[in-house]
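Reading through the C-alpha cells given below for one structure.
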Amino acid sequence: MKPIKRKEYEAALAPMQRELVAMARWLKDSGKRVVVVVEGRDTAGKGGAIEAIRQPVNPRQCRVVALGKPTETEQAQWYFQRYVEHLPAAGELVLFDRSWYNRAGVERVMGFATPAQVKAFLKQAPAFEQQLVDDGILLFKYWLCCDQAKQEARFAERVRDPMKRWKLSPIDLAARTHYADYTKAREAMLRATHTEQAPWTLVDFNDQKRGRLTLIRDLLDRLPDTRVADPTIDFPPLPGKPQKERFGVLDPIPAFDL
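Numbering (the numbering used here), first residue to last: 9 to 266.
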C-alpha cells in the first residue's frame, strides 16, 4: 500500500477520535476499566499511537504509563507489583507505553533478566492477565511491527533532528544490532502469552499513520457498544453585553510579536 498523506490521515482519524470521546463517556457511565498495552520495535511509533488515542479523551479519565528503570526497591518486589498500582479505577483508560512485557523483550535481549526470570515471567504473565480480566478489566495488547530498514531510517532521523534526539538512549542504539534477537524474543512471548482471554494483536507500523488508524479502528471495534447519547447542555445567552478583561494589580505581559 502507498503511504497515507497527512490530509487523508487526518480525515480518517477525526471520526475515530469522536468515537474515542464517546467511549470515554461510556466508560464514565458504565464504570468499566480499559487497559491498552502498546509494545513493539524501537522507533515503531508507540508514542504517536498512544497520543492519537489519548489526545481527544478527557485527561481525568485517561492516563499514560511509561515507567522507567525499576528502583532498587522495585527490583526486590514481585515483578508485576509496580504495574499493579497503575491499573485503572472505574471509568478510566490506561495506556501502557511498554509494560510488564519489558521482561520478555528488552530485558531478555539486553541481558537485564536471567533466563530463569524470563521463563518464570512467561509462565506467570497469562495467570496475571487472567486475574485482570476476571476482575472486569478490558485488556488489549498491541505489538507494533516495522522492518529493519525502516527502523534504521528512523534512528538516523532522530540523530539528525535535535527535537527527536531525546528519544535516543544507549539501549535504543544497541537495539540496531539485535533486530533478529527481538524477533526471536517476540515469537517466544507470543507462544507463551497469546491467550484466549488476553490475545495479542500485531499491527504493521512501517507506515505510522496507517498503523495508528489500523490500531484505533481495531480497538474501537473490539470494545462493547459504547454509544452513549450526547448530554443535553443548557446554554442560554448571557444576560447582558459580553465584558472585556480589566486589570488592576497586574497587566498581561507584552504579546509575542512576529
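Glycine included, each C-beta is placed from N, C-alpha and C at the ideal position.
Task: Host beta strand (DSSP E) of D212 (start-end) - done: W208 to D212
Task: Same chain only: Cβ atoms within 6 Å of R33, ignoring 5 sequence neighbours per side - done: V236
Task: Through-space distance from I224 to A188, alpha-carbon basis - done: 28 Å
TODO: Spell out the partners DSSP gives E1 in its beta bridges.
DONE: Beyond the ends of the chain as shown, which are 9 and 266, falls residue 1; an answer cannot be given.
Open item on the list: What does the Cβ neighbour count give for V167, buried or exposed, with the cut at 16 atoms within 10 Å?
Closed with: exposed
TODO: Answer with buried or exposed for G119, where buried requires no fewer than 16 other C-beta atoms within 10 angstroms of its C-beta.
DONE: exposed
Task: Distance between D265 and Q138 (C-alpha atoms, nearest Å) - done: 57 Å
Task: Three-state secondary structure assigned by DSSP to D169 - done: coil
- [ ] With a cut-off of 8 Å on the beta carbons, I'd call C154 and R26 a contact; round off their distance for me.
- [x] Contact flag wrong, Cβ pair sits at about 28 Å.
Task: Closest Cα partner of Y17 within the set W151, A182, K217 and W86 - done: K217
- [ ] Return the CA-CA distance between L152 and T79, expressed in angstroms with no decimal places.
- [x] 27 Å
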